[in-house]
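Novice: In this note's numbering, the protein residues as written are 102 to 223.
Backbone N, C-alpha and C define an ideal beta-carbon position, used for all residues, glycine too.
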C-alpha cells in the first residue's frame, strides 16, 4: 500500500517534460499508446492550471455617457481625490483597483456598470 502511495506521489510531482518521457517509454517499451499517458499528464498539470484565481483587477474601459457620475463614483470607490478620479476616468482604459477579491471586484463592476461605465475584470 505504501508503495502505491509513493508511486502516486511521484506521478503527481512529474514535470511536463517527465510526463512526455514517460509517455515515450510506455509507448516504445510497453506498447501503451500516449492517450493513456495523457490522463497522467492531465493530473498534475490540471491542478496547477485550474487553480482558482483569487486576486482581480477592475479595469475601467470607458466612462460611457455619464462621465461626471463615473468620476464621482470612482472618487468614492477608490478614496482618491477629485482630480485623481478624473484622471483615471480620462485615462480609460485604466485600473480602478487591483489585487482585490472576486466579490469586491464584482461589486465594484456592478456599481460602475449601473452608472453607465464599461468595466472589465482581469
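1) To the nearest whole angstrom, what separates the beta carbons of residue 225 and residue 217, a pair I think is in contact under 8 Å?
2) Just to confirm before moving on: does the CB-CB distance between residue 206 and residue 159 stay below 8 Å?
3) In terms of residue numbering, what span does the beta strand (DSSP E) encompassing residue 160 cover?
4) Which residues in the same chain have their Cβ closer than 7 Å to the Cβ of residue 219, if we skip the five residues on either side of it in sequence?
5) Label residue 105 either buried or exposed according to how many other C-beta atoms from any shown protein chain fall within 10 Å of its C-beta, with 16 as the threshold for buried.
6) Along the chain, where does the alpha helix (DSSP H) that runs through residue 211 open and close?
7) Pull up the distance between the alpha-carbon of residue 130 and that of residue 124, whole angstroms please.
8) Leaving out the 5 sequence neighbours to the left and right, which residues in its chain are closer than 7 Å to residue 210 when beta-carbon positions are compared?
9) With DSSP run on the structure shown, which of helix, strand or coil describes residue 130?
10) Which first and last residues belong to the alpha helix (DSSP H) in which residue 105 is found?
11) Output the distance between the C-alpha atoms of residue 120 and residue 212, rounded to the nearest integer angstrom.
Specialist: Let me spell this out:
1) The requested residue 225 is not part of the displayed model; the chain covers only 102 to 223.
2) In the chain shown, counting from the first residue as 1, residue 206 sits at position 105. In the chain shown, counting from the first residue as 1, residue 159 sits at position 58. The criterion of a C-beta distance shorter than 8 Å is satisfied by residue 206 and residue 159.
3) Looking up residue 160 in the chain shown gives position 59. Residues 157-163.
4) Taking the chain shown and counting its residues from 1, the one referred to as residue 219 is at position 118. The beta carbon of residue 219 is closer than 7 Å to those of 162, 163 and 165 in its chain, skipping five residues each way along the sequence.
5) Reading the chain shown from its first residue, position 4 is the one you call residue 105. Label assigned to residue 105: exposed.
6) Within the chain shown, the letter at position 110 stands for residue 211. Looking at the DSSP string, the run of the alpha helix (DSSP H) that includes residue 211 is 203-215.
7) Counting from one through the chain shown, the residue named residue 130 turns up at place 29. Counting from one through the chain shown, the residue named residue 124 turns up at place 23. Taking the straight line from one Cα to the other gives about 10 Å.
8) For the purposes of this step, residue 210 is identified with residue 109 of the chain shown, where counting begins at 1. The residues are 159, 220 and 222.
9) In the chain shown, counting from the first residue as 1, residue 130 sits at position 29. In the structure shown, the three-state DSSP call for residue 130 is helix.
10) One-based indexing of the chain shown puts residue 105 at position 4. Residue 105 -> alpha helix (DSSP H) spans 103-113.
11) By one-based count along the chain shown, residue 120 stands at place 19. By one-based count along the chain shown, residue 212 stands at place 111. Taking the straight line joining both Cα atoms gives about 47 Å.
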